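**Student:** Attaching a single structure in structure tokens format; questions to follow.
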Amino acid sequence: MQTPTPLRIRISWPAGHLTASLDDTPTSQALAKALPLVSTARTWGEEVYFDTGVSVSRETGAREVVEPGTVAFWTDGDALALPYGPTPISRGDECRLASPCNVLGRLDGAPGLLATVRDGEPVRVELLEA
Numbered sequence: 015m016q017t018p019t020p021l022r023i024r025i026s027w028p029a030g031h032l033t034a035s036l037d038d039t040p041t042s043q044a045l046a047k048a049l050p051l052v053s054t055a056r057t058w059g060e061e062v063y064f065d066t067g068v069s070v071s072r073e074t075g076a077r078e079v080v081e082p083g084t085v086a087f088w089t090d091g092d093a094l095a096l097p098y099g100p101t102p103i104s105r106g107d108e109c110r111l112a113s114p115c116n117v118l119g120r121l122d123g124a125p126g127l128l129a130t131v132r133d134g135e136p137v138r139v140e141l142l143e144a
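Quick note, the sequence shown lines up with residues 15 to 144 if you use our numbering.
Encoded structure:
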């Protein structure tokens, strides 16, 4: 029996890029169908988020506090949320999202690279071939 290949994506912005591995979830599948996409980066504390044009429901495992480098989908804003440190509503050093988000997977590299993303810059997300 063949195990499904994890979805891998590349997120690029003017100063760099990261790849991420996504779990097989309904939200990941919906996102994959919408790729490639180009959006405008927004920053909120140590989180980068951007509109995807994908609209999905909140999944049962949605979480508000996640580890740095988590790839999350903010259902309230149809956006990918990429936290790498505290946000304005964090308690201590935690990564606290604006509201519970669907957890899609993890960034492969150092999440701190996201600090080079500037608000308003273009960001591109594409599917990597297995």
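No residue lacks a Cβ here, since even glycine has one placed at the ideal position from N, Cα and C. All values reported here derive from a predicted model rather than from experimental measurement.
Run through the DSSP bridge pairs and tell me what V62 is partnered with.
**Tutor:** DSSP lists T57 and L96 as partners of V62.
**Student:** Using the beta-carbon count (16 or more within 10 Å), is I103 buried or exposed?
**Tutor:** By the 10 Å Cβ count, I103 comes out exposed.
**Student:** For A46, which three-state DSSP category applies?
**Tutor:** In the structure shown, A46 sits in a helix (DSSP, three-state: H, G or I).
**Student:** Over the uninterrupted beta strand (DSSP E) stretch that includes L111, give me the two end residues.
**Tutor:** L111 -> beta strand (DSSP E) spans C109 to L121.
**Student:** Thinking just about the alpha-carbon of each residue, which of L121, L36 and G99 is nearest to the one in L111?
**Tutor:** The shortest C-alpha separation from L111 is found at G99.
**Student:** Would you mind sorting V79 into buried or exposed? The rule is 16 or more other CB atoms within 10 Å of its CB.
**Tutor:** Burial call: exposed.
**Student:** Can you check which of these residues, A46, P28, G83 and D37, is closest to A124 by C-alpha distance?
**Tutor:** Ranking A46, P28, G83 and D37 by Cα distance to A124 puts G83 first.
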